[in-house]
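Count along the sequence shown starting at 1, add 1274, and that's the number in our numbering.
Note that beta-carbon positions come from the ideal geometry of N, C-alpha and C, so glycine has one too.
Bear in mind the structure is a predicted one, so any value in this text is a computation, not a measurement.
One structure is given here, and the rest of the page talks about it.
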Amino acid sequence: MDYERIKTLIIGSLIIVGLLLIVFIAIVRKLRKEFENSKTVEPDDVFYQNLKTALERQHALTLEVKRREQFQNTVLNNISVGVAVFDKYKKLRDSNSFFRELFNLDKDFTGKTILELNLPREFVEFVKSINFSMLFNPYEKQINLKDKALLVRVSKIQFMADAEGILLLIHDITELESAKRKLELKNRLEYIGEMSTHMAHEFKNAISTLKGYAQMILAGDDKNLEKSKRYAEKILKESENINEVVNKFLLYAKPLEINVEEIKATEFANELMALFEDKNFVEVKVSPRDFVFKGDRVLLRQCLGNLVLNAIESVKGNNNPSVKVFFEKKEGVSLLFRVVDNGKGIAEDEITKVFVPFFTTKSEGTGLGLAICEKIIAKHNGSIEIKSEEGKGTEVIVRL
């Protein structure tokens, strides 16, 4: 009896466990199916989801573009520089408010050609002269109008994906030019004052000398002709000195007219050195030998010859004098002329004064040589620079 009851209990338990296992498996399968179904998205849902994402991105980009355009317009319309973009056919494509105010444009002229815009003739001619096909590097030009002075910077710009144009940045430098002219006038008046003082000093000394010799002749014995002759020679020499001062002053004061010609460097160097052929310590080097530069032969010979003469005078008293003259062709300059000597040099506080008219450290001299030389070089659109160390020597550099 007990055996039958135990058997029945075991079989019942197994049946219950089996049923529970079946239920568990069914639950697991159902949960797994639901999980997989939750990961599956219908094709239509994918399309609409992608479309929504794309539209959101497009909207964000549109807002960013508008924000940047607003920022650029705010910046462009609040800077004190005129900005204008022309296409290669000289049609105005865009401009800022400063440009329109600068030329009193009361409405938008976008799309109009430069000839259709109501702009000053000088500005129109300048824009017409811009060669778009040759606009490789930016450049600047000053344009003087009737009541304004403008500094215009020109460069190439790509204003659309497939279109290039001309970018003009226009600075109104009217006040700057006015201040510059006032400063130049002030400096000119100061120079005139200094030159007048020096001229008066030179003439006063010369007249005193002439007067003294004339009085000696009058007071002398008529029979002593030799002494009177010596006085007369000194009067003549002093008169020549006065004449030299006047001639150099006139050369400095009057406008220079230059006659530009092609000059062979080697030939010019030989002409210049022929003036100093008795000075065996003067060396000249031309590099390259066959280069050509442009300038006024007569004025440059006067100027560069004066620089060599100054170097020769500077080495007087030197036991081993040396003056080296260089004619060189360098990138960016038509002529690089250098004079290097081992003379007494120039004091640091005097270097800035050497180009001032009538300034001289020589016992004899007008003090106009370097001032005239600077004027000649400036007329050739060049520059002159002096490097010197007292007791060691001087280098003068001229760039044309």
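Burial state of residue i (16 or more Cβ within 10 Å)
i	result
GLU1414	exposed
ASP1436	exposed
VAL1339	exposed
ILE1299	exposed
VAL1349	exposed
ASP1453	Sequence inspection shows Ala at residue 1453; the Asp mentioned does not correspond to that position. Classification of ALA1453: exposed, given that the 10 Å Cβ count is below 16.
LYS1511	exposed
LEU1305	exposed
LEU1546	buried
PHE1410	exposed
SER1585	Reading off the sequence, residue 1585 comes out as Ala, not Ser. Buried, by the Cβ-count rule.
GLY1591	exposed
ILE1388	buried
LEU1329	exposed
SER1662	buried
SER1429	exposed
LYS1364	buried
C-beta contact flag for residue i and residue j at 7 angstroms
i	j	result
LEU1581	VAL1613	yes
HIS1445	VAL1355	yes
GLU1396	ILE1417	yes
LEU1419	PRO1394	yes
ALA1652	PRO1631	no
THR1448	LYS1485	no
PHE1601	ALA1543	yes
VAL1357	PHE1383	no
SER1371	ASN1347	no
PHE1675	LYS1362	The displayed coordinates of the chain run from 1275 to 1674. Any statement about residue 1675 would go beyond what the structure contains.
ILE1532	ARG1571	no
GLU1664	GLY1619	yes
ILE1625	ILE1660	yes
Own chain, CB closer than 6 angstroms to residue i, minus 5 neighbours either side, in chain order
i	result
LYS1643	The question names Lys, but residue 1643 in the sequence shown is Gly. The residues are ASN1580.
ASN1616	SER1596 and GLY1667
VAL1315	Caution is warranted here: a pLDDT of 48 is assigned to VAL1315, below 50, making its placement in the model unreliable, and the coordinate value is therefore given only provisionally. Nothing listed; no residue qualifies.
LYS1627	PHE1633
GLU1648	PHE1629 and ILE1658
LYS1402	none
CYS1577	CYS1647 and ILE1650
ASP1380	none
LYS1386	LEU1366
LEU1483	The identity of residue 1483 in the sequence shown is Thr, whereas the question assumes Leu. The answer, listed in chain order, is GLU1512.
THR1540	VAL1560 and ARG1563
Three-state class that DSSP yields for residue i in the structure shown
i	result
ALA1453	helix
HIS1445	strand
VAL1315	Since pLDDT at VAL1315 reaches only 48, below the 50 mark, its modelled position is unreliable, and no value is offered.
GLY1439	strand
GLY1486	helix
VAL1398	helix
LYS1618	coil
ASN1418	strand
GLY1356	strand
GLU1373	It is Phe, not Glu, that sits at residue 1373 in the sequence shown. Here PHE1373 sits in helix by DSSP.
ASP1380	coil
LYS1559	strand
LYS1340	helix
LYS1661	strand
THR1327	helix
TYR1413	strand
THR1282	helix
LEU1510	helix
PHE1542	helix
LYS1553	coil
GLY1292	helix
GLY1579	helix
GLY1656	coil
PHE1567	strand
VAL1297	helix
GLY1643	helix
VAL1613	strand
GLU1531	coil
VAL1628	coil
Own chain residues within Cβ distance below 8 angstroms of residue i, not counting five before or after
i	result
VAL1359	LEU1366, ARG1367, ASP1368, SER1369, ILE1431, PHE1433, GLY1439, ILE1440, LEU1441 and LEU1442
LYS1553	ILE1586 and VAL1597
LEU1294	none
VAL1398	ILE1388, LEU1389 and LEU1391
Chain B contact for residue i (CB, 7 angstroms cutoff)
i	result
ARG1612	No chain B is present in this structure, which holds just one protein chain.
Same chain, Cβ closer than 7 angstroms to residue i, five either side skipped, listed in chain order
i	result
LEU1674	PHE1567, GLY1569, VAL1607, SER1608, LEU1609, HIS1654 and GLY1656
HIS1333	none
SER1287	none
ILE1353	PHE1372
ILE1404	VAL1428 and ILE1440
Segment contact flag, the region 1596-1609 with the region 1566-1577, C-beta cutoff 8 angstroms, min 3 pairs: yes
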